[in-house]
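Residue numbers (the numbering used here): 851 to 1276.
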Amino acid sequence: NYATSSDSGTTFGGAYTLFGVIELREDNDLGSWAPTKRGASGSNYDYAGEAGKYQLMVNYPGNTTEPGSPYMTQDGDWVLEDHPIPGPQFTSQGGVEIDCLAEGVQCGFMTIGAHGQRSSGVEVFTPVEFAGEQRPDDEATDDPTVTPTPTPTPSESPSPTETQTPDVDVCAAVDVPENEDLVVVGEPLEATDAVMTVEPGRYLPCDRATEVTVSGSGYDHTEAIYLGFGTPSNHDDLEQWRRSNGGLSGADADYDYGLAQMINGSTADVEDDAVKMDASGNWSIDILIPGKDIESFFGSSIDCSSAYCGFFSFGSMGMINAANEAYTPVYFGNQDPSGTPEPNSNTAGQGPSPRTNDDVISDAGTIDQGSNTTGGKADQNLADKGNLANTGFDGHVLRTMAIGAALLLSAGLFALAFARYRKRMI
C-alpha cells in the first residue's frame, strides 16, 4: 500500500530500503523522524552503510533508473527478497556504533524517497526483533516504536506562495559593461570552508546557452558531492536550504534544481573522464546552462529570470556532509542581488505522516547477510535527469545518478553524529 509516485506526482525514483534506527524530532509526531518532516540523516534516522548491499531500492512503476531492482505494483505492493542486514551490532553510515540488543534501542527497516525525491507516501519504519532477543514484558506493546499508525491518505502537496517577480524585465536590453568582471565567488556557509566560483556568473543571456566553469575549493575531498543548478526558496537565509539543517529538495520545498552533476572524492575509483577533487578539496567542471529556463530534477520548470538561480553543492548518495554544502548565485541579464524575490512559504513537513508497521517481525537467523540477490549491476544512466551516481548493486561508486538530488540518501550531507540513543521510535 505504498504511494506509487512522489509528492510532486512523478514516477521518477521509488523507495530506498535501509536498516537502522530512528529518533523522533517531536514526541507527539510518530513520523517526525522522516525526511519530509525535516528529520535529519544521522540524527533522526541512521542506518547501515554499503550502498547496494544493506541499502537497496524498490522502483515506482515505470521508473527506469534502477532496472535491476524490484518494482512496486500499481497498488503500491512490493517484495524485496533476502535483504541483507549487518547483524545486531554495526557501524552506521554516520560512523555511529549501533547495538540493536541494547536497552532502549529498536532497530528495523525504514523506507524513504529515492534519488532525493520528496516522497512522504513511502516513509515507513518496520521494527525488527532478533532471534533470542529478550525484552521486558509488554514492552513491544507499550513502546511507541511498535505502535502502528494509520496509513496516510495521499494528498497533493500545498503550493508555495507565489514568488514575487521584479518589476523590470531583466532580460531586455542587456548591455555588458566594458571590462566588467564576470566572475562570481560565493560566500562560505556557516561552519564550512567550501566555496564555489562561477565564470562567467553575470550577464548570462536569458535566451541562449552559455558554458560556465564552476570551481570549488575548501571541500572535504574524501566525500563525493552532487552539484545542481536552481533556486532556494529563501534567498535571505541561505542556511535554510542546507540538507544538514533539515532542508528538503523539490518544487515546493527549500531548494529546487536541475543540471545535476557528480563530483567524486579524491580517492574514488572512477573512469578517467570523471570529475574528481584533488587531495586539497579543489575541483572544476564545465557546465552548459541552456538559458533562463531550467528543467527541474523534480519535473517542474524554473524560470531563473524571476526566481534568481545559482549552484548548490551537497553530499552525494544521500550522505549528510555539512562541510561540502555551498551555494553561489549567478545572474541572468541585468539581475543583481537587490532583485532577489521574497521568501516562498515553504510547505515542507505538512504532508501525510510517515507510518510504521508492527506486523513484520524478522528472525535474524533466517536473513541472508551475504550479497544482494536482486539482480545484476544497475543501469548507470538516470534517464535524462543528469549525470549523478545511482545506487548500484555491486557496492561500487557509480558516476551517473541523482539527487539532489540523493543512495542515500535525495539528497544527502554531513552525518550528524549522536552519541547516545535515548528513544528509538517511529
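Don't be surprised by glycine CBs; every beta carbon is placed ideally from N, CA and C.
Range covered by the beta strand (DSSP E) that runs through S1067: T1060 to S1067
Cross-strand partners of Y895 (DSSP beta bridge): I872 and S891
Straight-line gap, T1081 to F980 (C-alpha atoms, nearest Å): A direct Cα-Cα distance of roughly 45 angstroms separates T1081 from F980.
Near the ligand NAP: V955 beta-carbon under 7 angstroms from a heavy atom: Questions concerning the ligand NAP fall outside what the structure shown contains, since it holds no ligand whatsoever.
Local Cβ density within 10 Å of G1108, reported as buried at 16 or more and exposed below that: buried
P1179 to P917 span [Cα, whole Å]: 36 angstroms
Cβ neighbours of L930 in the same chain (closer than 7 angstroms, five flanking residues each side left out): T867, L906, V908, P920 and T1224
Neighbour flag for L1098 against chain B, beta carbons, 8 angstroms: Within the model displayed, chain B is absent; a lone protein chain is all it includes.
Helix, strand or coil at G864 [DSSP, three-state]: strand
CB contact flag (R968, S855, <8 angstroms): No, the Cβ-Cβ distance between R968 and S855 is not below 8 angstroms.
Other residues of its chain near S1188: CB distance less than 8 angstroms, five sequence neighbours each side excluded: none
Beta-ladder partner(s) of F959, from DSSP: F869 and T976
Rounded separation between E1073 and F959 - CA only: 25 angstroms
Minimum C-alpha distance to T961 - residue among G870, C1159, T1047 and L1039: G870
Through-space distance from R1052 to D1186, alpha-carbon basis: 8 angstroms
Same chain, Cβ closer than 8 angstroms to N851, five either side skipped, listed in chain order: D925, G926, D927 and T1001
Inter-residue Cα distance where the pair is G1242 and G1096: Only weak support exists for where G1242 lies, its pLDDT of 33 falling under 50; the coordinates are left without a value.
At least three beta-carbon pairs within less than 8 angstroms, the region 1136-1143 to the region 1058-1068: yes
Residues bridged to E1049 (per DSSP): T1063
First through last residue of the alpha helix (DSSP H) which encompasses A1157: C1154 to A1157
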